[in-house]
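Using full-length UniProt numbering, the first residue of the sequence shown is number 1, and each one after it goes up by one.
Backbone N, C-alpha and C fix where the C-beta goes; we use that ideal spot for every residue, glycine too.
All figures in this text were calculated on a predicted structure; none of them were measured in a lab.
Structure first, then comments.
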Amino acid sequence: MGWFSRLFGSKESPQEVIVEPIEYKGYLIYAEPIAEGGQYRIAGRITQGEGESMKTHRFIRSDLLGNQDDANELMLKKAQMLIDQMGETIFNK
């Protein structure tokens, strides 16, 4: 049955990947690129605080890159720039 499901695709849900955050100026940055047509879209989240007081800002950029490592690196740079420019206001809705 294994070859049959590989041939026609499997209905299994994708495995959840655990992302190690990068700490920057009191914020935690999680790179979570989205695979799209053989490329990776810049995406991730920035958090601050813990428990019920945790604030989260999620973002997706239009940038597409050829591999996941490059996407992670650019996401980190974009997130750091966002933190530098906006600070706490990134959590305002």
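Item                                                                                                                : Value
Proximity below 9 Å, CB of residue 58 to CB of residue 44                                                           : yes
Distance, residue 85 Cα to residue 49 Cα                                                                            : 19 Å
Residues sharing a beta bridge with residue 61, DSSP                                                                : In DSSP, residue 61 forms no bridge with anything.
Runs of beta strand (DSSP E) lying entirely within the region 17-42, each at least 3 residues, in chain order       : 22-24, 27-31, 34-36
Beta bridge counterpart(s) of residue 56 as assigned by DSSP                                                        : 47
Own chain partners of residue 27 with C-beta closer than 6 Å, once the 5 adjacent residues on each side are dropped : 46, 48, 83
Whole-angstrom C-beta distance between residue 65 and residue 40, which should lie under 8 Å                        : 5 Å
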